[in-house]
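Novice:
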Amino acid sequence: MTQGPFLYDDDPAPLHTGEARNRNGTLIALITATVVVALLMVGGMVLFKGTAGDQAEEVAGVFTAALAAGDTETAYGLICDSERGRITPDELAGEYLQPGDPEVTGSRGDRVDGEPVRYVQVRWADGGSTATTELTVVPEGGTKVCGTAAAG
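Sequential numbering of the sequence shown, starting at 71, is according to our numbering.
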């Protein structure tokens, strides 16, 4: 040990000399702030990304517009994996395209085998005639089109 004169000959003063303080208010404020931030993040996701219905209708609109414009590359990028295994890009228009201009008219949600599914109605207007189809849209690494049927 070292010997010799020291600058301070006294022992250090105790750090906690007072009575312990109750910090329940701080804990409650911290937990409340965490809950508020979580709720704001969820609200922000809905605000910026839209609801599941909005996303499904947007994808269906882009998909049908790309098909109508002859852009099979974009449309093929918006179909699910099971459809990619079933059809080629060249067969895509024959499977999904109807005569006329596509217009998304609405959607409804459902669950199939416990998974969420949206059915998006598309009206194809060609002069005086119209056809209505229903696209099946699923969340699969993003929102993807995974089938079509004549709407009834």
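No residue lacks a Cβ here, since even glycine has one placed at the ideal position from N, Cα and C.
On the three-state DSSP scale, how would you describe Thr121?
Specialist: In the sequence shown, the residue the question calls residue 121 occupies position 51. Three-state result, Thr121: coil.
Novice: Locate the alpha helix (DSSP H) running through Glu210, then write down its first and last residues.
Specialist: Working through the sequence shown from its first residue, we reach residue 210 at position 140. Taken as a continuous stretch (DSSP letters only), Glu210 belongs to no alpha helix (DSSP H), as it is neither H nor E.
Novice: Check for me: the beta strand (DSSP E) holding Gly170 runs from which residue to which?
Specialist: Start at 1 with the first residue of the sequence shown, and residue 170 comes out as number 100. From DSSP, Gly170 is part of no beta strand (DSSP E); its letter is neither H nor E.
Novice: What whole-angstrom Cβ distance do Thr218 and Thr203 have, given they're in contact under 8 Å?
Specialist: For this step, residue 218 is matched to residue 148 along the sequence shown. For this step, residue 203 is matched to residue 133 along the sequence shown. Going by Cβ atoms, the distance from Thr218 to Thr203 rounds to 5 Å, so yes, they are a contact pair.
Novice: Give me the Cβ distance between Thr142 and Pro169, rounded to the nearest whole Å; I'm assuming they're in contact under 8 Å.
Specialist: By one-based count along the sequence shown, residue 142 stands at place 72. By one-based count along the sequence shown, residue 169 stands at place 99. No, Thr142 and Pro169 are not in contact; Cβ-Cβ is about 17 Å, not under 8 Å.
Novice: To the nearest angstrom, how far is it from the Cα of Val105 to the Cα of Asp124?
Specialist: Numbered from its first residue, the sequence shown carries residue 105 at position 35. Numbered from its first residue, the sequence shown carries residue 124 at position 54. Near 26 Å, if we compare the C-alpha coordinates of Asp124 and Val105.
Novice: Going straight from the alpha carbon of Gly155 to that of Tyr166, what length do you get?
Specialist: If you number the sequence shown from 1, residue 155 lands on position 85. If you number the sequence shown from 1, residue 166 lands on position 96. Answer to the nearest angstrom: the Cα atoms are 15 Å apart.
Novice: How should Glu127 be labelled, buried or exposed, when 16 other C-beta atoms within 10 angstroms of its C-beta is the threshold for buried?
Specialist: Position 57 of the sequence shown, counted from the first residue, corresponds to residue 127. So Glu127 counts as buried.
Novice: From this set, Gly179, Gly140, Gly184, which residue's C-alpha is nearest Gly164's C-alpha?
Specialist: For this step, residue 164 is matched to residue 94 along the sequence shown. Checking every option, the nearest Cα to that of Gly164 belongs to Gly140.
Novice: Going by alpha carbons, who is nearest to Leu162 out of Arg178, Arg181, Phe133?
Specialist: As a working mapping, residue 162 is identified with position 92 in the sequence shown. Selected option, being the one with the closest Cα: Phe133.
Novice: Let me see if you follow: with CB-CB separation under 8 Å, is Leu162 close to chain C or not?
Specialist: This model lacks chain C altogether; it includes just one protein chain.
Novice: Within 10 Å of its beta-carbon, does Arg188 have 16 or more other beta-carbons around it, so buried, or fewer, so exposed?
Specialist: Mapped onto the sequence shown, residue 188 falls at position 118. With 16 or more other Cβ atoms within 10 Å, it is buried.
Novice: Does DSSP classify Thr200 as helix, strand or coil?
Specialist: In the sequence shown, residue 200 corresponds to position 130, counting from 1. In this structure, Thr200 counts as strand in the three-state DSSP scheme.
Novice: When the Cα of Val192 is compared with those of Val116, Ala135, Pro172, Asn92, which residue comes out closest?
Specialist: Sequence index remark: in the sequence shown, residue 192 carries index 122 (1-based). Measuring from the Cα of Val192, the nearest candidate turns out to be Pro172.
Novice: Any idea what DSSP makes of Ala219, helix, strand or coil?
Specialist: Here residue 219 refers to the residue found at position 149 of the sequence shown. Residue state for Ala219 is assigned as strand, using DSSP reduced to three classes.
Novice: At the level of alpha carbons, what is the spacing between Gly184 and Ala138?
Specialist: Looking up residue 184 in the sequence shown gives position 114. Looking up residue 138 in the sequence shown gives position 68. Answer to the nearest angstrom: the Cα atoms are 33 Å apart.
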